[in-house]
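Colleague: Before I ask anything, here is the structure I am working with.
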Amino acid sequence: MSGSDLILLALVLPLVGAAGIAAASRIGDNAREATTLLTAGALAWTVWSLVPELMQGGRPSLVLAEVVPGIELAFSVEPLGMLFAALASSLWIVNSIYSIGYMRGNNESNQTRFYIFFAVALAAAIGIAFADNLFTLFLFYEILTLSTYPLVSHKGDAQTVRSARVYLGVLLTTSIGLLLPAIIWTYSVAGTGTFTPGGILEGKVDGAAVGLLLGLFVFGVGKAAVMPVHRWLPAAMVAPTPVSALLHAVAVVKAGVFTVTKIIIYIFGVDFLFAEPSSGWLVYVAAFTIVAASLVALRQQNLKRLLAYSTVAQLSYVIMATAILKPLAEVGAALHIVAHAFGKITLFFAAGAIYTAAKKTELHQLRGIARRMPWTMAAFTVGALSMIGVPPTGGFVSKWYILAGAFQADNYVAIAVIVASTALNAAYFLPIIFIAWFLKEDSPPAREHGEAPFAVVLALMITAALTLAFFFFNEPVLELEGQLVRTIS
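So for the sequence shown, numbering that gives the first Met the number 0 puts the first residue at 0; every next one is plus one.
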């Protein structure tokens, strides 16, 4: 099967799977969930089948249509997009396993709708990953926003609907009000929006206009959650935990930081931005977001809200690393997309397991819970240590490269922020680990509880293992992103 055929199959499979899920639900829950797992596995196989050609220097591509002269609905595979697509498609399998245990364990309603929109969201994520130009990326970016709204509003109560409207309102306002004008501006000055190694804007825009255009892109990509366009992320915590995992680890926020990174590398060009003083503000905005979000997380008493603000901070590690504009930092940004995905999905899986088994959501309720849920809290501990950046976890590897890039650029602001935020991460994660493992419960629970359903525990143990494995086995990602570095250095 050719590369173009595989791209088309990767785009179509989740949509076919969504239709299959709807049809299978008429047979029964088992058929519906089997269809979900089969679709997720088929998508992962399809995406990974593109890797050999890419590693040999090939760039598979596909043009579906020319919408208007000069603007195509087109797709191509390059190292950064391959990383995002492989990550999203692979974690969909694990998230589906988790979802089966979680949705059944909590007797959630509208489960068929949940699985259908999850599949559509994955189709949008693949479209973003393989987008060949700004038009295609924007189209699938909006599809991702719209397809995840029913997931965020899944519970359907008044508070959930209000929070989901904040989610939708912030993301649509930023994309239509800022990102779309930036895309139109780019097409008008460059004559193209195709992602090109080295960028397309050098000689087409200069001075303060570069910083302004960069601002429209960065804040227009609301999914990257750079302050002050981050409010949608805490608001979305009303969603079921599998959706939170989708938002924080599998697709949505990764689509945000991936989009910003790809625009910096392939639209502006690293060398061009490095030479333009008006672009220097991005490091400081990302640094502020990291520290401010970490301080807010430090004050949270609800576990999912703490994890939400932790995500805001961790995402800006990727933005700051990209904005450092040095090869080692760009590799660190790519590595952190992976390391954060593994670690954060583990943390949300653990939070959902605790809710499913013990109905606990607040930090003070976690005293001694590791005695009853040792597998869950062991996984949580691994995920938390990765967020801090402690070896042997994936978070250490990505932070090491980001820090090396900061030294390479003599960027002492970035160095200081990494050190300070690491201390803040430890300040809000280590107390949770301590009270869960070393303190006794204040009083016996009203009913005995143990671990969450097997599917839930299996999924979180898989992602915890991936978090540890990435410390030792990150060479394939380094080799893949080495191709990216060679195009920008």
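All residues carry an ideal CB built from backbone N, CA and C; glycine is no exception.
Assign Ser-98 to one of three DSSP states: helix, strand, or coil.
Modeller: Here residue 98 refers to the residue found at position 99 when the sequence shown is read from its first residue. Reduced to three states, the DSSP call for Ser-98 is helix.
Colleague: Quick one: complete alpha helix (DSSP H) runs, 4+ long, within the stretch 286-363?
Modeller: Segments of the alpha helix (DSSP H) lying fully in the stretch 286-363: 302-323 and 326-357.
Colleague: For the candidate residues Val-160, Thr-191, Ala-85 and Gly-481, whose alpha-carbon lies nearest to that of Pro-68?
Modeller: Counted from its first residue, the sequence shown places residue 68 at position 69. Of the listed residues, the one whose Cα sits closest to Pro-68 is Thr-191.
Colleague: Quick test of your reading: Pro-78 and Phe-116, contact by CB under 8 Å. State the CB separation rounded to the nearest angstrom.
Modeller: Numbered from 1 along the sequence shown, position 79 holds the residue referred to as residue 78. Numbered from 1 along the sequence shown, position 117 holds the residue referred to as residue 116. Wrong, their Cβ atoms sit about 30 Å apart, outside the cutoff.
Colleague: How many angstroms separate the CA atom of Trp-399 from the CA atom of Gly-388?
Modeller: Your numbering for residue 399 matches position 400 in the sequence shown. Your numbering for residue 388 matches position 389 in the sequence shown. Their backbone Cα atoms lie some 9 Å apart in a straight line.
Colleague: With a threshold of 16 other CB atoms inside 10 Å of the CB of Arg-31, please say whether the residue is buried or exposed.
Modeller: The residue you call residue 31 lines up with position 32 of the sequence shown. Arg-31 comes out buried.
Colleague: Quick one: which unbroken beta strand (DSSP E) runs of 3-plus residues sit fully inside the stretch 38-88? Chain order, please.
Modeller: Those beta strand (DSSP E) runs which fall completely within the stretch 38-88 and span 3+ residues are 60-67 and 70-75.
Colleague: Please tell me whether Ala-163 and Ser-89 are closer than 7 Å, where the distance is taken between their beta carbons.
Modeller: Mapped onto the sequence shown, residue 163 falls at position 164. Mapped onto the sequence shown, residue 89 falls at position 90. For Ala-163 and Ser-89, no; Cβs fall outside 7 Å.
Colleague: Can you name the start and end residues of the alpha helix (DSSP H) that Asp-441 belongs to?
Modeller: As a first step, residue 441 is located in the sequence shown; it is residue number 442 there, counting from the start. Premise fails: Asp-441 is in no alpha helix (DSSP H) and is neither H nor E.
Colleague: Would you mind reading off the limits of the alpha helix (DSSP H) that contains Thr-173?
Modeller: Translated into positions along the sequence shown, residue 173 becomes position 174. Unbroken alpha helix (DSSP H) run through Thr-173: 157-173.
Colleague: For Thr-193, which residues does DSSP report across the bridge?
Modeller: If you number the sequence shown from 1, residue 193 lands on position 194. Thr-193 is bridged to Asn-132.
Colleague: Straight-line CA distance for Gly-449 to Leu-14?
Modeller: Residue numbering aside, residue 449 sits at position 450 when the sequence shown is read from its first letter. Residue numbering aside, residue 14 sits at position 15 when the sequence shown is read from its first letter. Each residue's Cα considered, the two are about 37 Å apart.
Colleague: Taking the straight line between their C-alpha atoms, what separation do you get for Ala-22 and Lys-358?
Modeller: As a working mapping, residue 22 is identified with position 23 in the sequence shown. As a working mapping, residue 358 is identified with position 359 in the sequence shown. Cα to Cα, the separation comes out at about 33 Å.
Colleague: Taking only the alpha-carbon atoms, compute the straight-line gap between Gln-158 and Phe-472 and give it to the nearest angstrom.
Modeller: In the sequence shown, the residue the question calls residue 158 occupies position 159. In the sequence shown, the residue the question calls residue 472 occupies position 473. Cα to Cα, the separation comes out at about 43 Å.
Colleague: For Leu-200, which three-state DSSP category applies?
Modeller: Taking the sequence shown and counting its residues from 1, the one referred to as residue 200 is at position 201. Looking at Leu-200 - three-state DSSP - the assignment turns out to be coil, as it is neither helix nor strand.
Colleague: For Val-418, which of helix, strand or coil comes out of DSSP?
Modeller: What you label residue 418 is simply residue 419 of the sequence shown in a count that begins at 1. The answer is helix: DSSP assigns Val-418 an H, G or I state.
Colleague: On the CB-based measure, 16 or more other CB atoms within 10 Å of its CB, does Gly-100 come out buried or exposed?
Modeller: The count along the sequence shown starts at 1 and reaches residue 100 at position 101. Gly-100 is buried by the Cβ-count criterion.
Colleague: So, using beta-carbon positions, are Gln-299 and Leu-305 closer together than 7 Å?
Modeller: In the sequence shown, residue 299 corresponds to position 300, counting from 1. In the sequence shown, residue 305 corresponds to position 306, counting from 1. Yes; because the gap between Cβ atoms is below 7 Å, this pair is in contact.
Colleague: Work out the CA separation of Gly-331 and Ile-199 for me, nearest whole Å.
Modeller: Here residue 199 refers to the residue found at position 200 of the sequence shown. Here residue 331 refers to the residue found at position 332 of the sequence shown. One C-alpha to the other measures close to 24 Å.
Colleague: Quick one: residues in its chain with C-beta nearer than 7 Å to the C-beta of Ile-432, no 5 flanking neighbours on either side, listed in chain order?
Modeller: Position 433 of the sequence shown, counted from the start, is the residue given in the question as residue 432. Taken in chain order, the residues that qualify are Thr-380 and Ala-383.
Colleague: Does the stretch 207-215 touch the stretch 273-284, meaning 3 or more C-beta pairs lie closer than 8 Å?
Modeller: Enough Cβ pairs lie closer than 8 Å, so yes.
Colleague: Is it buried or exposed, Glu-478, if we count other Cβ atoms within 10 angstroms and call 16 or more buried?
Modeller: To locate residue 478, count along the sequence shown from 1; it is residue 479. So Glu-478 ends up on the exposed side.
Colleague: DSSP three-state label for Thr-375, please.
Modeller: Within the sequence shown, residue 375 is the residue found at index 376, counting from 1. It is helical.
Colleague: With a threshold of 8 Å, are at least 3 pairs of Cβ atoms found where one atom belongs to the stretch 313-330 and the other to the stretch 345-354?
Modeller: In short, these stretches do not touch, since the Cβ pair count stays below three.
Colleague: Compute the Euclidean distance between the alpha carbons of Thr-288 and Met-226, then round it to the nearest angstrom.
Modeller: Position 289 of the sequence shown, counting from 1, holds the residue named residue 288. Position 227 of the sequence shown, counting from 1, holds the residue named residue 226. Thr-288 and Met-226: Cα-Cα distance of roughly 6 Å.
Colleague: May I ask you to check if the CB of Asp-409 is nearer than 6 Å to at least one heavy atom of the ligand SAH?
Modeller: This structure lacks the ligand SAH; in fact it carries no ligand of any kind.
Colleague: Using 7 Å as the threshold, is the C-beta distance between Ala-369 and Ala-425 below it?
Modeller: The residue given as residue 369 occupies position 370 in the sequence shown. The residue given as residue 425 occupies position 426 in the sequence shown. No.
Colleague: Rounded to whole angstroms, what is the Cα-Cα separation between Arg-371 and Leu-365?
Modeller: On the sequence shown, position 372 is the one that residue 371 refers to. On the sequence shown, position 366 is the one that residue 365 refers to. Taking the straight line joining both Cα atoms gives about 11 Å.
Colleague: I'd like the list of long-range same chain contacts for Leu-438, defined as Cβ closer than 7 Å, with 5 residues on each side in sequence excluded.
Modeller: Residue 438 sits at position 439 when you count from the first residue of the sequence shown. Only Arg-366 and Gly-367 meet the Cβ criterion.
Colleague: Evaluate the contact criterion for the stretch 111-129 versus the stretch 228-236: three or more CB pairs, one atom per stretch, below 8 Å.
Modeller: No, the stretch 111-129 does not touch the stretch 228-236.
Colleague: Taking the C-alpha atoms as reference points, what is the distance between Asn-410 and Val-455?
Modeller: Taking the first residue of the sequence shown as position 1, residue 410 is located at position 411. Taking the first residue of the sequence shown as position 1, residue 455 is located at position 456. For Asn-410 and Val-455, the distance between alpha carbons rounds to 42 Å.
Colleague: Quick one: give me the first and last residue of the alpha helix (DSSP H) that Thr-240 is part of.
Modeller: As a working mapping, residue 240 is identified with position 241 in the sequence shown. Its alpha helix (DSSP H) spans residues 240-244.
Colleague: So what does DSSP say about Thr-392, is it helix, strand or coil?
Modeller: Here residue 392 refers to the residue found at position 393 of the sequence shown. The answer is coil: DSSP assigns Thr-392 none of H, G, I, E or B.
Colleague: Counting C-beta neighbours from all protein chains within 10 Å, is the total for Phe-453 16 or more, i.e. buried, or is it exposed?
Modeller: Position 454 of the sequence shown, counting from 1, holds the residue named residue 453. That one is exposed.
Colleague: For Val-220 versus Thr-258, is the C-beta spacing smaller than 7 Å?
Modeller: The residue you call residue 220 lines up with position 221 of the sequence shown. The residue you call residue 258 lines up with position 259 of the sequence shown. Against a cut-off of 7 Å, the Cβ pair of Thr-258 and Val-220 comes out as a contact.
Colleague: For Tyr-265, collect the residues of the same chain with a Cβ closer than 7 Å to its Cβ; drop the 5 residues on either side in sequence, then sort them by chain order.
Modeller: For the purposes of this step, residue 265 is taken as residue 266 along the sequence shown, with counting starting at 1. Taken in chain order, the residues that qualify are Phe-194, Thr-195, Pro-196 and Gly-198.
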